Each structure stands twice: as structure tokens, then as C-alpha cells.
Amino acid sequence: MTIVATPHSSPEADELRAAFFRDGDAFPVLAGRSAMVEAAVVRSFDEFIAPALPGGAALLAVGGFGRRELFPHSDVDLLLLVPVELSEAGQRDAVSRFLQNLWDSGLRLGHSVRTPTECCEVHDGNVELSISLLDRRFLAGDPALFERMEEKLPRFFSARRDELSRQLCRLTRVRQARYSDTIYHLEPNVKEAPGGLRDYQLARWLSQLRNAQSYRRSEPDPFPELANARTFLYSVRCFLHYRTGRDSNLLGFDAQEELADQPFSPASDPAAWMRVYFRHARSIHRTAARWLEECEAAGSSLFSQFRDWRSRLSNAEFTVSRESVLFKSPQLLAQDTELVLRLFEFTARHGIRPAPDSEQRIAEHLSALEQHRSAPRPLWPRLEAILSLPNAAIALRSMHECGVLNAMFTEWKEIDCLVLRDFHHRYTVDEHTLVSIQEIDGLRGNQDPLRLRFAELLDEIERPEILRFALLFHDTGKATARGPHTEVSAALAEQALTRIAAPPDVRDSVRFLIERHLDFSSVLNSRDLGEEGTARFLAGRVETVERLKYLTLVTYADISAVHPSAMSPWRLDQLWRLYLIAYNELTLELDSDRIEAPASDSPEKAEFLDGFPRRYLLTHNAPEIEAHYQIRKLSIERGVAVDVKRLNGVYSLTVVTRDRPFLFASVAGALAGFGMNILKAEAFGNRHSEVLDVFIFEDPNRTLDLNPAEIDRLHFTVERVVLGRMDVKELLERRPRPALPSRRSRVEPRVSFDSVGSSRATLIEIVAQDRPGLLYDLARTISSAGGNIEVVLVDTEAHKAIDVFYVTFGGGKLTSGAEIPLREALLSVCRT
Amino acid sequence: MKKIEAIIQPFKLDDVKDALKEIGIDGMTATEVRGHGRQKGHKEVYRGREYQVDLLPKIKIEMVVPSARMEEVIRTIVTAARTGKIGDGKIFVYDVAEAVRIRNDDRGDAAL
């Protein structure tokens, strides 16, 4: 038996290797190894196969070998074409000896034996064979047999191209999912991961399948625009093979350092080198993704119908075509730089990404956008619109891919493709950031019961744009910070928000969330959640339930984006438990944690604040407190002062008066009597029996909008109701009862009592289906049972009302005997 | 050789790791687990809804050490993981017949 020279260790192979390490050019290596392997397999074919199959056989190179692109340790794919199935033992033995000889010489083989007819069949479990035939090349044997197959193949590919494309797309989706569908791995696989060489071949194969001419002959490179990316990745893969001495394509941290150190490296710093890698991988990935989407869409009539339906979303500025967005008048980009941001707002609203043509046009205007943002400009409203929409994650990813995030925020540029070595993290810093926002968007519609609880929190927060902006900047400090990055990230976010003229409350909230974004993870790792002190510590860190919700969601997103299994069910439970103990602590503090001896510029103002829950100072800024104080001054003379204001599409009603039974219920009833829908409410009492009630409500019938005089009537009515000069029941009797939603979608009411947490009051928490007049009915029921409402916090989340009352009964807590009838009465009100 | 398996409170993992590192024990496997011993579960209330938490989150750490170091390691874990309250966890010790380092075929204590 002949043993051919091992292709890895011949003098020619050594020369190729030495040349590669001088200039990093992989093409001579690929061609050289292909030629050496070709010589070896042809020799082996002549020795073992040709004598045993006198009726004719042909040896074909397929796959990478067919393309003459054998990397130093790649597998060698062969197809032995035979006229009829091999039936004689002697023939099969010859094939075995042929293969064994090559194995013994050090080649790793992939082989198949087929007739021309078998080559023209699709095998469900082995579509790769049909695809590999796109790169076939005759090596040795009977040329007539090869020609017979060549005559059949174009017809086969033409008839089955849709099926083959579909199968190829399916396999690709499975492969890409193994890498979490992202190119931005800290240690990527340069062949299999998205943006790797397999993606390049995918685009080439799909293009070949679409183009009938290329079934017969190999066409010139269909993607000249990817030439640099391909050259770069070929060089990297070649290096990895030489470095490990095997077919290893993992670009690990050590390999990154060594590559950056090579004389042919485009960058000497490993992090900078990886940025070059990601730039090339990104261009390959985008081309492959376009082909993938095109082919998948072509094969689905349901998708086509959906696509046609989506095209109706087109508006004056944008056209939706083939499930992507195009500029209607791209020339306007030159005059209107913010058109780009409006396109991404469209994407965030509808979840449709920009078309390649739009991306190209955006790329041409990036420098204008960069110039536009270099001066401080009020861009926050536009960004706020994008960040508050349900598909914000898709829009932000598109903005990143088009270079818009980098153009808008120099702070973000620093983390673009940034590789930081971390045993826990799997992605680059920018990708981790985008995945964290994706995790938030993914909560909507998530059916996992463990995640539903966090989805509810997301529904309850008022300003998702603040949450998303905080996530967008939470790790920006990682590029420059020497120590902990939270402070640096917060400062960078502040700088960016100031430049785009975000209001102070947004800046404060974002700063808080970024500065504290590691707090909950740290508590989970270092504190006993069962300790009372931990609950107090957490409550002290966040101070309000609202901030607690935001920070819980930031923590959820941050951990989930570390790697796909980082947020395990175990960790989800832990985070939820942390939220729960902090929430319960904060709710109990509402009544017990009161302002004492407040610092103020005037004694009257100090008297007004004295005894309010501390939450009042935490949830209201100085101008709001001053406005409340002015209303209070007006109330002294008349016994009551009422203020009605319009704010961002809703209204606020503020009442200051002396406390009396049924007061809160009366104001809530007056609003319900006017057909107003209460969204939020809070009621605080001070130590001097003065009460401040604030209601935020919407006007569903636009009564106040269309009849400004009605505002005065509402004002007057509330005053009369508060002073006991009008019975709120009369107002409500005139209102029609709204229809209840279907039983299935109705919120099942829950009422809970807690008389332990507060030293003097009972906490009553009610979750129920919201309806006009509900708050009035609940408050009236509590007051009718002898309860004095001390503190109220009311919130609505879609059709769910979440009401928290602190109530005293005769100056003390509710007795256990009185709890049952009150619970029944409240449940009955909720079910009405 | 002995295999030491310790079930500890999650927030004690860093303390235990640091303490073991100080006595030269670097290698261990940590797993997120749920369970309970005498501690049983507890009830949590959120917005009027009660959640019965039967299995409590714990961390299981496992390591194999030379028999001569067993007591020292146990003492270290106990000291680092103890809060004195119910739920601190348990330690189990098993005999190990052999250890092999796959990279170079080292055997016994040399493989640890």
C-alpha cells in the first residue's frame, strides 16, 4: 500500500507556512494545499479505484476543496461518482482502501459515493451534499461520466432551487441560533458564527441558486464589495489552523493577542484588532442576512400577504416595501438631517428595519449627522419618541448598524465592538448593551411565568424611554474607566443628555439608574435577603417604589444580556425576591416614615410639610412643592383651594383643605361624575390635619378640551363637594355605568390587609379591574366602615387599578373582626 | 482523597471562595440549586397574592481535596458560611477512589 506524503509536513507545506507568516496572505496557502492534496488523492485514486472499477468512475472535489480553498487543516470533501451503485465486494473494498490510505496520510476526509442520478436528488437529511455540488470540480477518472452528471445538474438545480434555498436557510438559522444570532462574541468562531466564513459561503450559494447560469460553471466572485472582509477572515482562519495544528476556528483571547502581534496585523492592540475583525464580520453578516431574508420571504405566501399588508404602513416620508423602509424623497436628507431619526422612529413604531438602500443613503449622510449633533441641539424629543416605542430595540440595533449611534454619541463610539476580557460576559460591550434593551422589549408577550412578573413591572413604569436610555449608556464607562465604571458611565450619559437638551428629571433618573445599576447584583451576592436589614438597606438605596421598579428592570436586563443562560430561573427567583422585600419595605414606610422638622425658607412652609410622608419630598421637585405651598396659602382663607392644570395630554387636579371624613372619596367621585378617568392619585396628610390630594386624570370624552368653561365648572364643583355643599352621589347618578370587560380579560380583584408594618395604621392594598368611579367607590367603602384615609397611592396599568390606602380606624388599626366584612365589601365594589 | 460537598447560602459564596483561596484551595464547582432542610419554605405576599416559596435558593459547592486537608477545609467553609441562623446549610463528605487530570494523565493527589 502506498502512503502518500503527509500534506501538513512536506517542504512545500513548510514553505507556504513561512510565507504566510511573513505577509498574512492566505490565498497561496489555500491554493498550495489544494494542489498538494489534489495530487495525493489523484495518486491514491489511480492506485486503488481505477483498477477496481474498469467500468468507469470519476473523482470530484466538492465544498472548499472544489473551490481550491483548503485551509491548512480543513477537511477534504470528495465525491466518488459511479455509473451504477457499487454491488461487488471487491469494488467496495477498493473504495475502503482508497479512503484508508488517505486517512493514514493525515487527511481528514468527508466522502460520498453516488451515481449521477443520486446526485440529482434532494436528501432531506443531507442537503449539504446537494449544496456541496455547487462547488464541484473534476479531479480524476472518467470525464464522460462527469459530463453525464453535468448535463443533469442544471435542470436539477433549476427545478429544486426553492427547496434547496429553503433548507439551506433553515440550517443557517439553526447554526446562527447556536451563536445567539450575533456576530459580537468576545471569542467568536470565524467559520461558523454569524459574520463568519460560512455566512459568506451562504450568500454565495444562495446567489448561485438564484442565478441559473452559475449551475454549470463557477461564476466570478459575486460580492466584490466583500473582498476585503473575505481576505481578512481567510487570513485569520489560516492563522488559527497553523497556531493550533488542527481545524480550530475559535478566535480566543490568546489568539487575538498573537494575531495583533503579527507583522501583517492591521492593529497592534488586540482590542483595536478585534474592532477590525468585527467591521469585516459585520459586512459579511449583513450581506448574508439580506440573502437569507430574501429567500425566506420568497418561499412563504403567508409572509407575502403579511408583507403586502405591512406596505400599507407607508406614509408621506417613508415607503414600506418588501418588509423594509425606504425614504420617499431621499434628496431631503441633505436639508433635513433629522429625517434619519424619524426613519428610526418609524422602525421603533412598526418593527420594520431600513432597506439596504436607506442604509446606504444614511451612511452617505453620517458626517452631516455627526456635524449636526456636535453642537448642542434639542434632539431629546426625537430620541425620546424612539425609546418609548415598543420596537425600540430593533430601531437602536439598526441605528448602530448604520453608524447613527456612533455619529450621535461620541460616548457610544468608545464601546463600539469593544472586547473586554471577562469570564462571565460572552458579547462585546456594545452588543451586551443592545441585547439588554432587547431583553426588555422581549418581556412584552413573554409567556414564561417567571418572566411575566417582570413584564408587569415594565407595564407599570411610566417612562420606558428613561429605562432604555439608562441601559444604552450603562456600560459606556467601560471603555475608559480604570476602576468601577458606573460613575464614568453616568457622567457620560449626563454629558450626552445635556447636549441633546434632555430635561433635568430625565437626567437625574438616568444618572441614578446608571450609578446604581450594579447595586442589586451586589446585594444578591453579598446580603441575606431574609435579614430585615437588607430590606431597609434596599429601600434606602432606591427610596421610592418607582425607582425600585426601574432598577429591578435594569438589573434584569443587565444580567440577561451577559450570556443566554445567565438569567437562570434560580436567578430570576432571587431578583424577584429582592424586588418583593424592597417593595414591601417601601410600602410600609409610606405611613411610618414621616417628615420631621423640615428645613425650609419659611416657617409656614415648614408647617405645611411637617408630617407628610417622606415619599412626598422624594417624588416631588422643588417647583412642585412650591406650587403646592401656594395652593395651600389660598386654602387658608376659603377652607379649600383647587388647582386644575393640563400636562402632556392629561390633567392634574390638586386640592388642599382640612381633613374630614369622606374627603378623598368625594373628590374622586366628583372627577368620576365629570366622566374623568383617574390614572394616578396620591393623598397625604400633615401633622396639622391639612390634606394634599393630587389626582392625574385623563379626559376620554375630551369634555375639558372642547369646552374650556367646563374646567371652571369642575373647579367649582370640587370646591363645593369638598366643603360639603354638594352631594357627590347626585353627580354620579347622572353618569351611565360602563360595560364590564369580558370575564376572560377581567382582572380578578384582590384585597390584602397589613396591620403589622405600620405603627398606627392598617395598609389596605387593592388590585382590581379599573373602571370610572372605582376609586370613589373604594374610598367611600373604607370611609363608611369608619376608616380615615391617611395616605393614598393610586396607579393604573392598562385596565388594572393598583390602589394602596393607609387607613386609621378611630385613631388606631383595623381590628381582625372588622377585616372580613370590609374585605367582602371592597371585593363586592371591585366586582360591580 | 475526599469529595466535599457544601450547601450554603447564596450570599456566602464569595466569602467561602475567598476563605478557601486563602488556604490554597482554588478549584471548585459551584452550582445554583434549590432546596430546604429543617428551614422549610416561607410565604411571601405581593399585592394581596401569596407566594409559597417551598424550595429556597442555595449554592452547592463541590471540591475534591487530599484526605489530610479535609478537616481544615471543612473548618474553613463552616467559619465562612456560618451566620448562626437556620438555613446556613450542610456539608457532606465522600470518599474518592481516584482522580485523573485529563490533560496529562496525572493521578491521585497530583491531579487535584
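Protein chains in written order, with the working numbering: chain A, 128 to 959; chain H, 1491 to 1602.
Virtual Cβ for every residue (Gly too), placed ideally from N, Cα, C.
Note that this is a predicted model, so its numbers are computed, not measured.
Taking a cut-off of 8 Å on C-beta distances, the segment 315-332 of chain A touches the segment 402-418 of chain A, as three or more cross pairs fall below it.
Runs of alpha helix (DSSP H) with 4 or more residues, each lying fully within the segment 550-624 of chain A, are found at 556-570, 576-587 and 591-600, listed in chain order. Between the segment 880-887 of chain A and the segment 900-909 of chain A there are fewer than three inter-stretch CB-CB distances shorter than 8 Å, so the stretches are not counted as touching. One thing to note: A/ALA754 has its Cβ no nearer than 7 Å to the Cβ of A/SER762.
Residues of the segment 1562-1575 of chain H with a C-beta atom less than 7 Å from some C-beta of chain A are THR1573, listed in chain order. With its beta carbon less than 7 Å from one in chain H, A/SER695 belongs to the interface.
Within the same chain, and ignoring the five residues on either side of A/TRP230 in sequence, the residues whose Cβ sits closer than 7 Å to its Cβ are LEU236. Using beta-carbon distances, A/ARG654 counts as an interface residue toward chain H, with a partner under 7 Å. Counting only residues of its own chain and dropping the five nearest sequence neighbours on each side, H/THR1521 has a CB closer than 6 Å to the CB of LYS1550. In the DSSP annotation of this structure, A/ASP930 is not part of any alpha helix (DSSP H); the continuous beta strand (DSSP E) holding it starts and ends at 927-936.
Residue burial annotation: A/PRO481 is buried, with at least 16 other C-beta atoms found within 10 angstroms of its C-beta. Identification of chain A residues near H/GLU1512 by a Cβ-Cβ cut-off of 7 Å yields none; the smallest Cβ-Cβ distance measures about 18 Å.
Counting only the Cα atoms, A/LEU806 lies some 19 Å from A/LEU790.
Spatial neighbours of A/GLN622 in its own chain (CB-CB distance under 6 Å, excluding positions within 5 residues in sequence) are not present. According to the DSSP assignment, H/MET1553 belongs to the beta strand (DSSP E) that extends over 1546-1555.
Listed along chain A, the residues sitting closer than 8 Å to H/GLU1522 by beta-carbon distance are SER695, TRP697 and ARG698. Taking the CA atoms as reference points, A/ARG504 sits about 18 Å from A/PHE471. Using a Cβ-Cβ cut-off of 7 Å, H/ASP1585 does not count as an interface residue toward chain A, since no Cβ of chain A sits closer than that to its own. DSSP places A/ILE805 in the uninterrupted beta strand (DSSP E) bounded by 804-812. With contacts defined as CB atoms closer than 7 Å, A/ASP150 and A/PHE391 qualify as a contacting pair. Contact of A/GLN701 with chain H by beta-carbon distance below 8 Å involves PRO1500 and PRO1547. Under DSSP, the beta-bridge partners assigned to A/GLU892 are A/SER879 and A/VAL931. Nearest CB-CB separation between H/ASP1504 and chain A: below the 7 Å threshold. Around A/LEU745, the same chain offers GLU670 and THR671 as residues with beta carbons nearer than 7 Å, after the five sequence neighbours per side are excluded. When only Cα atoms are considered, A/PRO199 and A/TYR369 end up about 7 Å apart. In this structure, A/ALA408 and A/GLU450 do not form a Cβ contact; the two beta carbons are roughly 24 Å apart against a cut-off of 8 Å. Your pair A/LEU280 and A/VAL254 does not check out as a contact, with CB atoms roughly 15 Å apart and the cut at 8 Å.
The beta carbons of A/TYR327 and A/ILE411 sit closer together than 7 Å. For the pair of segments examined, the segment 1564-1571 of chain H was found to touch the segment 1509-1520 of chain H: the number of CB pairs separated by less than 8 Å reaches three. Non-local C-beta neighbours of A/LEU619 in its own chain, meaning closer than 7 Å and more than five positions away in sequence, comprise GLU538, PHE600, THR603 and GLY604, ordered along the chain.
Identification of residues in the segment 709-722 of chain A having a C-beta nearer than 8 Å to some C-beta of chain H yields TYR710 and ASN711, given in sequence order.
Here A/HIS477 has LEU440 as same chain residues with Cβ atoms under 6 Å from its own Cβ, once five neighbours each way along the sequence are excluded. With contacts defined by Cβ atoms closer than 7 Å, A/ALA522 and A/THR555 do not form a contacting pair.
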